[in-house]
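Take any residue in the sequence shown, note its place counting from 1, add 52, and you have its number in this note's numbering.
C-beta: ideal position from N, C-alpha, C; glycine also.
It should be emphasised that the depicted structure is a prediction, and the values quoted were computed from it without experimental measurement.
Quick notes on the structure that follows.
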Amino acid sequence: MYPPKFDYAAPRSLDEALGLLSDRGEDVKVLAGGQSLIPMMKLRLASPAMLIDINRLPGLSEIAESDGYLRLGALVRHNDVGNSDLVSRRNPTMAAAAPWIADPIVRNRGTVCGALAHADPLGDWASVMLACDAEVVATSASGQRTIPMRDFITDVFTTALREDELLTEVRVPVSGSRTGGDYQTLERKVGDYATAAVATRLDLDEDGRIVGAGIALTSVCSINTKVTEAEALLIGQQPSTELFVEAAEIAARTATPQDDVRGPAEYKRDVVRVFTRRGLATSLELAQAG
Ligand SMILES: Cc1cc2nc3c(=O)[nH]c(=O)nc-3n(C[C@H](O)[C@H](O)[C@H](O)COP(=O)(O)OP(=O)(O)OC[C@H]3O[C@@H](n4cnc5c(N)ncnc54)[C@H](O)[C@@H]3O)c2cc1C
């Protein structure tokens, strides 16, 4: 299938890109890795009148740490995350998730910010970012604003981004040295979207008490879902198997999976229960290892 006709622009500066976005409004789509947008255009599920290709914009391909955040620019690809020493040292949840995204070709081209902007409930990065309390930076010709990840995805394939805004960065708070995280996922076959997946994060204080916690679910709710009730249960407690079992029960109760070709709803709910418990146990091990 060929996509319908469209205009194409490949700006070389952020100002130029933002100008085009504000001039052309709703008939414009940003093209990043193209791994979701191009298939949608070929299937005629999207027919933008113009594509703004951001791949030539300078300064958006970096993963860097500054001011207490790990910052990923709009052109950071899935594989950049998987290959980053900085990420593997600073954010185990992201490091665990990166190799599970799609297949090597998609991982080479697709971007983390593109995946967040796409807001597919089967997408993995939104859960990782929810568990890590990330925020996104939305930039337009009239300025910049930050949006907490928990407010960013508002519905299926729908975000809080305005039509004239570009998602220029996602930033993840860097916790103290005693942090651990994990991403547990079940796929029917390698490269497939998750049947069910759970992102976890635990931060410990000097006494081993939990001072920060993140749990988020992929593919088992209408949108990626942060399990705030379980996070609140964990914070302030000494970790224990019983505590993790209780948190896992809350996560399973929060999930609203559907019966489909990937499996029955009750099976998926059970996977969430098991993955939450396992993910928290692995997060604890990593945090205790410092
Ligand atoms: C075969 C296959 C398997 C896949 N499996 C998985 C998987 O297992 N897990 C997973 O999470 N994902 C998976 N994906 C999706 C993949 O991760 C995409 O890369 C991702 O969803 C979109 O990133 P992109 O850079 O390719 O964005 P694009 O396709 O370029 O854009 C996607 C959407 O986001 C918008 N957009 C992109 N960047 C920005 C920006 N900076 N600011 C504002 N809007 C922007 C576009 O306008 C478009 O609406 C798969 C894709 C394919 C083709």
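Simplified DSSP state of residue 53, which is helix, strand or coil: Residue 53 sits in coil when the DSSP states are folded into three classes, being neither helix nor strand.
Where does residue 207 sit, in a helix, a strand or coil, going by DSSP? Looking at residue 207 - three-state DSSP - the assignment turns out to be strand.
Unbroken beta strand (DSSP E) run spanning residue 335, endpoints: That residue, residue 335, is in no beta strand (DSSP E); its alpha helix (DSSP H) goes 317 to 341.
Beta-carbon within less than 7 Å of residue 161's beta-carbon, same chain only, minus the 5 sequence neighbours each way: which residues are those? Hits under 7 Å: 85, 86, 87 and 129.
Quick one, which of 253, 83 and 228 has its alpha-carbon nearest residue 235's? For residue 235, the nearest C-alpha among the options comes from 253.
My understanding is that residue 328 touches residue 284, with C-beta atoms under 8 Å, so please give their C-beta distance in whole angstroms. Contact between residue 328 and residue 284 fails: their C-beta atoms lie close to 15 Å from each other, not under 8 Å.
Within 8 Å, strictly: CB atoms of residue 271 and residue 303: Not in contact: residue 271 and residue 303 (Cβ atoms no closer than 8 Å).
Can you tell me whether DSSP reads residue 115 as helix, strand or coil? Strand, per DSSP.
Quick one: Cα of residue 336 to Cα of residue 184, how far? Roughly 15 Å separates the two Cα atoms.
Minimum C-alpha distance to residue 223 - residue among 180, 301, 255 and 317: Taking the Cα of residue 223 as reference, the smallest distance to any Cα among 180, 301, 255 and 317 is reached at 180.
Sequence-distant residues of its chain with Cβ nearer than 7 Å to residue 169 (five each side left out): Excluding five sequence positions before and after residue 169, the CB atoms of its chain that fall closer than 7 Å to its own CB belong to 211, 213 and 219, given in chain order.
Check whether the stretch 73 to 83 touches the stretch 94 to 114, taking contact to mean three or more Cβ pairs, one atom from each stretch, closer than 8 Å. Three or more pairs of CB atoms, one per stretch, sit closer than 8 Å, so the stretch 73 to 83 contacts the stretch 94 to 114.
With distance defined between alpha-carbon atoms, name the residue in 313, 307 and 257 nearest to residue 241. Out of 313, 307 and 257, 313 has the C-alpha closest to the C-alpha of residue 241.
Classify residue 325: buried if its beta carbon has 16 or more other beta carbons within 10 angstroms, exposed otherwise. When all chains shown are included, residue 325 counts as buried.
Taking the straight line between their C-alpha atoms, what separation do you get for residue 141 and residue 154? If I take the Cα positions, the gap works out to 23 Å.
In the DSSP assignment, find the alpha helix (DSSP H) that holds residue 166 and state where it starts and stops. Residues 164 to 170.
Taking only heavy atoms of ligand 1 into account, decide whether any of them is closer than 7 Å to the Cβ of residue 238. For ligand 1, not one heavy atom lies less than 7 Å from the Cβ of residue 238.
Among 238, 243 and 229, nearest to residue 255 - alpha-carbon criterion: Checking every option, the nearest Cα to that of residue 255 belongs to 229.
Quick one, which of 60, 75 and 64 has its alpha-carbon nearest residue 193's? It is 75 whose Cα lies nearest to the Cα of residue 193.
Could you name the residues of the same chain whose beta carbon sits closer than 8 Å to that of residue 70, not counting the 5 residues immediately before and after it, in chain order? Result list for residue 70: 191, 192, 193, 216 and 218, in chain order.
Rounded to the nearest angstrom, how far is the Cβ of residue 307 from that of residue 269, given a contact under 8 Å? Contact between residue 307 and residue 269 holds: their C-beta atoms lie close to 6 Å from each other, under 8 Å.
Should residue 345 and residue 260 be called a contact, given that it needs their Cβ atoms to be closer than 8 Å? Nothing about residue 345 can be reported from this structure: the residues present for the chain run from 53 to 342 only.
Any chance the CB of residue 193 is under 7 Å from a heavy atom of ligand 1? Checking every heavy atom of ligand 1 against the Cβ of residue 193, none is found closer than 7 Å.
Just reading off the alpha helix (DSSP H) that residue 94 is part of, what are its end residues? Residues 89 to 94.
Following a CB-centred definition, is residue 247 positioned closer than 7 Å to any heavy atom of ligand 1? Checking the Cβ of residue 247 against ligand 1 gives no.
Residues bridged to residue 105 (per DSSP): Looking at the DSSP output, residue 105 bridges to 83.
Could you tell me the alpha carbon to alpha carbon distance between residue 158 and residue 164, rounded to whole angstroms? Answer to the nearest angstrom: the Cα atoms are 11 Å apart.
Nearest-angstrom Cα distance between residue 116 and residue 138? Inter-residue distance for residue 116 and residue 138 is about 8 Å (C-alpha atoms, whole angstroms).
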